[in-house]
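Written below as structure tokens is the structure these notes are about.
In my numbering, the protein residues as written are 12 to 1283.
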């Protein structure tokens, strides 16, 4: 027999449960931090900067060409920018349909004030529609100077990420979302920085995001941006600053960022009269800006740009990938007329066509053209495209009042840079928006030139592709026909003499300007690709080789188009040939730019091979830690626990030191710690005694299977275990036969014998036939049924791991994750039903409680399908917020004062009870007065006061050194566990009033669902079986455990010497029971040679404790239902695993502004309160179950009956959620980026990991608290 306290580095380390849980927490935290910092999708940073415009231009075209262009003052070029200034108005969350007029929408129906605004969410009433009428009028009447685009954003659609992407001209990282709350100015080369290098001045007005992201804003008139309740103040100040700054001459770019539309969306929803008023106000503001630009046309050419950073859903949220979130607006007003593009130029940007142009030019129906941008089915939900008559199926020919185009947000920075005379940022991958380029000749072509125009040139450009030879770039040959690259058509100096020229002449001049800007942009993109390839590994696919080959040909051909002092001869044949060559060259560059941009999207979204390393390390870690720890808790619990305080401190310091190493590259620095831990385990633990511990770990897998499939030693078939008299169970059955019925029984006996003989004859005949005809069928069938029986038995014995595998595999299904907020209800209902099938009687109290619980769960499931259930700012069903604000605080306070005098709480000391009642009363008064909203001081100070009061109550309960219960009223052996139960009760009920504050800005009704559901679960969990039926068998098991246990963690060694008194039981049954256990032990020792008798005995103790038939609901079922309930509570309270559904309004409780870090705390409490409260509730029920069980026994060791089940409870839930996290992590690697964003895979992993981290911290705290109380 082994010593009762053993020493082994392997066993001692793994016996420290707090250390094991801390290491698991550390690993999950490392994965989480790597995730939020873009480890999965790292875009390595290139810190190079572009040169000033003149240096850049000379590198691209050569000194002689640039000198010749600088001398041509009447022709626009890369060094002669067309515009002097730019005014940029960014309206946050300006969805595309907010600016696009709907001709079939009747605005008059909004005047019906009798309807409820919340009900006007149908397709008939859209308050956000047709409000920007000045904008619509300008687009209709000034088509040559105005243009509207559907401005497509990339996910994540949050403001910081969008602005960062636009000023750099690059593709964002998905997890740039974490910068939305703390933007950094340490970003790559950007538009503002290049304006500074080119000696241009930027002034920023309004929201402060741009000024936080960039360093070179000359004048900042900005304000904090996170107060979503500020619908007007910031915008009013911004407009005032604009009117003051616009007349001044110092600025070159005036940037104005207003937030009214975004804040109304978050607070009042898009379909509201408030949104209607805000949009009309901005429409007037836009008209004022345009009028000012018009009045200054003679002095300075000012380009006006109106844009949105992202859209918003019908609930006002954003950050995802749906069309409502990615489609925003871009409106341009230019004092110079836009250049008419030749229809042979590949420019597929149109989504709606100007019907007047089509009729005037007798053009074909645009539906026959291939230029229209295809509508991408980005999501499975309804978007604005479904109800806008110009965009849905009702407008089949896609005609409209004016042309409406499409472009990506990343294309804007390169276009604006060239139009104002700045350099494109080094990391720009956007293309030049050719529709915005003005005519090359300043002032446009003279009117006399119109007589010589050609029909093809006057036709509007709808992006129709020409012939294959014109539109398809080729890496072979030269598109210039017979002319080699070094030669050109007859040419001399570029003609700059004033005079009349043909329209074809000006068309060629325009094409030269387009080619010049496109080549300069493409040159910079190719330079960025080369630099990126030189520093990092890139994917060398077909697109890569296409880019390299075609760029080589484009670079070779550039000398024939960009010659110094080049001029065009105004001869129609020569100009027509030049025009054809230019169009071919432009098409080749445009096609290459599209492929290059697509390639950058691929390499930026490509997962790094290091991700596989991360997954491998994670899986190895979990394999080692979870398997060894799980089995070590059962087999090696008698090892002395190692003191790990200094080790935990060292790991924490090391981890904190690693964080600064996570530089801009987002490399593998964070993997060092888990990798070192794996090496530590392998190098130090498994190398002892010639790697015997390594083989021991491998053998543990076999031990696990053997343990779970041991035959039960329950002896249920020996039903007569009560002490009997002389008439034992072997009494003669004939004594019960009535002699008077002998004749009657003889007749029935003969009949029975006849049918029995007939049955035997038929059976033998069939058996003989089977043996002759099909000799093997019977054996095969028997084998199948035998295997089936064994399989079912194995599954039943391992139902926990079966459930883990099934629920984790659900992470592979899009439909489950997308609809998990509904499916989780059915999952919980199904498991409750399965647990009810185990009832021994269909008329038991447990069944009645289960049916009542099922009724509540079914009602919850039905309510989850109601509209608006998962909207944070809407009360559920017909519950009214004013009624709930009065009823809930009063009801919760009443039940708190009632339950503190019930059950185990009666043991609470009077002084403790008085303190708690005073604290709860203070909470109730603060909450009640807050809901009354007496004045601003109450609204501001009461929420923090409730949080502070609650925190003080927590500290008072937890840190009290003496017991909080009356010890003389409880048996000494149960005092500590009663103290734990009362402590958990006080913590839970101290949180009730706090929950009302946390949900006061969103919806209080969900708390009613939560508390009602937990109330019914309480009675379902604590229901007990009929103890009299199992009393004697339990006595036998307990006596055997007491005689064989080896653990002394929470027991007094002096008490161990006392003899345990047991009830008298049948000696013959006890002997049978002991014999069965001996057979079990022999099986274990025979199949697992690494075990000794003490190990086998501990396994048997574990299984006996686990299978005590005390509760109607088994421990395993309780653990699994608890795990489901933790996640179920999250959805029950209206949460969703999507970033665009964060309860942002919860951050503004009391403050009416975003106040870091208090607002983050408010959001965290709102999101995770249901889960945390459910955790305390489950642990409270767990302790109640243990009290109910232990009070039935005179003497039980606390390790086997309390502490190990507690560890097992925490371990199993952590293991379950960790498996789900790992599954989601692996799935994320094989999905496309847009699928991860919209299909909730990555946000689901984000929230799963957060829940897992919270639960691990909770487990560590509860284990520490339990040890502190028990060993105090």
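Note that CB positions come from ideal geometry on N, CA and C, so glycine has one too.
Values in this document were obtained by computation on a predicted structure and should not be read as measured data.
* Asked: Rounded to a whole number of angstroms, what is the C-alpha to C-alpha distance between residue 62 and residue 1135?
  -> Between the alpha carbons of residue 62 and residue 1135 lies a distance of about 58 Å.
* Asked: Tell me, which residues are paired with residue 338 by DSSP?
  -> In the DSSP assignment, residue 338 forms a beta bridge with 163.
* To do: Keeping to the same chain, check which residues put their C-beta closer than 8 Å to that of residue 963; ignore five residues upstream and five downstream.
  => 930, listed in sequence order.
* To do: Could you spell out the range, first to last residue, of the beta strand (DSSP E) harbouring residue 313?
  => Note, residue 313: beta strand (DSSP E), 313-318.
* To do: Report the rounded CA-to-CA distance for residue 945 versus residue 956, giving the unit in angstroms.
  => Cα to Cα, the separation comes out at about 16 Å.
* Would you mind working out which of 142, 247, 267 and 320 sits nearest residue 215, comparing C-alpha positions? => Here the closest residue by C-alpha is 267.
* To do: Spell out a yes or no on whether the region 310-329 and the region 81-98 are touching, meaning 3 or more CB-CB pairs, one atom from each, closer than 8 Å.
  => Judged by Cβ distances under 8 Å, the region 310-329 makes contact with the region 81-98, as three or more pairs qualify.
* Asked: By the 10 Å Cβ neighbour count, where 16 or more other Cβ atoms means buried, how is residue 869 classified, buried or exposed?
  -> Residue 869 comes out exposed.
* Less than 8 Å between the CB atoms is what I'm expecting for residue 29 and residue 1262, so what's the real figure, rounded? => That belief does not hold up - the Cβ atoms of residue 29 and residue 1262 are roughly 20 Å apart, past 8 Å.
* **Span of the alpha helix (DSSP H) around residue 543** => Boundaries of the alpha helix (DSSP H) around residue 543: 514-546.
* When you compare each of 163, 1236 and 875 to residue 108 by their alpha carbons, which one comes out closest? -> Of the candidates 163, 1236 and 875, the one whose C-alpha sits nearest the C-alpha of residue 108 is 163.
* Could you give the C-beta distance for residue 362 and residue 443, rounded to a whole number, given that I count them as a contact under 8 Å? -> About 19 Å; that fails the 8 Å criterion.
* Between the region 859-879 and the region 912-923, do at least 3 Cβ pairs fall closer than 8 Å? -> With contact defined as three or more Cβ pairs closer than 8 Å, the region 859-879 and the region 912-923 are not in contact.
* Asked: Roughly how many whole angstroms lie between the Cα atoms of residue 65 and residue 583?
  -> CA-to-CA, the gap between residue 65 and residue 583 works out to about 34 Å.
* What's the gap between the Cα of residue 1018 and the Cα of residue 1126? -> Going from the Cα of residue 1018 to the Cα of residue 1126 covers about 28 Å.
* Sequence-distant residues of the same chain with beta carbon closer than 7 Å to residue 229, five excluded per side -> Shown here for residue 229: same chain residues with a beta carbon closer than 7 Å to its own, the five before and five after excluded, namely 212, 213 and 214 in chain order.
* To do: Measuring alpha carbon to alpha carbon, tell me which of 306, 1000, 317 and 243 ends up nearest residue 286.
  => Closest by alpha carbon: 243.
* What is the rounded straight-line gap between the Cα of residue 150 and the Cα of residue 412? -> Using only the alpha carbons, I get a separation of about 8 Å.
* Span of the alpha helix (DSSP H) around residue 1192 -> Residues 1169-1201.
* Asked: Would residue 927 be called buried (16 or more neighbouring beta carbons within 10 Å of its own) or exposed?
  -> Buried.
* Decide yes or no for the touch test of the region 325-336 against the region 427-447: beta carbon pairs closer than 8 Å, at least 3 of them. => The region 325-336 is not in contact with the region 427-447.
* Asked: Would DSSP call residue 276 helix, strand or coil?
  -> DSSP places residue 276 in helix when its eight states are reduced to three.
* To do: With DSSP as the reference, label residue 441 as helix, strand or coil.
  => Coil.
* Asked: Contact check, residue 166 vs residue 337 under 8 Å by CB: the rounded distance?
  -> The Cβ separation is near 7 Å, so the contact holds.
* Distance between residue 181 and residue 1231 (C-alpha atoms, nearest Å) -> Taking C-alpha positions only, residue 1231 is separated from residue 181 by approximately 34 Å.
* Where does the unbroken alpha helix (DSSP H) through residue 815 begin, and where does it stop? -> From DSSP, the alpha helix (DSSP H) with residue 815 extends over 810-820.
* **Backbone CA spacing between residue 517 and residue 452 [nearest angstrom]** => One Cα belongs to residue 517, the other to residue 452, and the distance between them is close to 7 Å.
* Could you check if residue 271 is buried or exposed, using at least 16 other CB atoms within 10 Å of its CB as the buried criterion? => Around the beta carbon of residue 271, 16 or more other beta carbons lie within 10 angstroms, which makes this residue buried.
* residue 933: first and last residue of the uninterrupted beta strand (DSSP E) it sits in -> Premise fails: residue 933 lies in the alpha helix (DSSP H), 921-943, not in any beta strand (DSSP E).
* **CB contact flag (residue 994, residue 1186, <9 Å)** => Contact flag unset, no.
* Residue burial classification, residue 445 (beta-carbon count within 10 angstroms, cutoff 16) -> The residue in question, residue 445, is buried, as its Cβ has 16 or more Cβ neighbours within 10 Å.
* Starting from residue 151, follow the alpha helix (DSSP H) in both directions and report where the run begins and ends. => For residue 151, the enclosing alpha helix (DSSP H) starts and ends at 144-152.
* **Limits of the beta strand (DSSP E) - the one that residue 11 falls within** => As displayed, the chain neither begins before 12 nor continues past 1283, which places residue 11 out of reach and without an answer.
* Using the beta-carbon count (16 or more within 10 Å), is residue 106 buried or exposed? -> The residue in question, residue 106, is buried, as its Cβ has 16 or more Cβ neighbours within 10 Å.
* Limits of the unbroken alpha helix (DSSP H) element including residue 136 -> Annotation: residue 136 is outside any alpha helix (DSSP H) and is labelled neither H nor E by DSSP.
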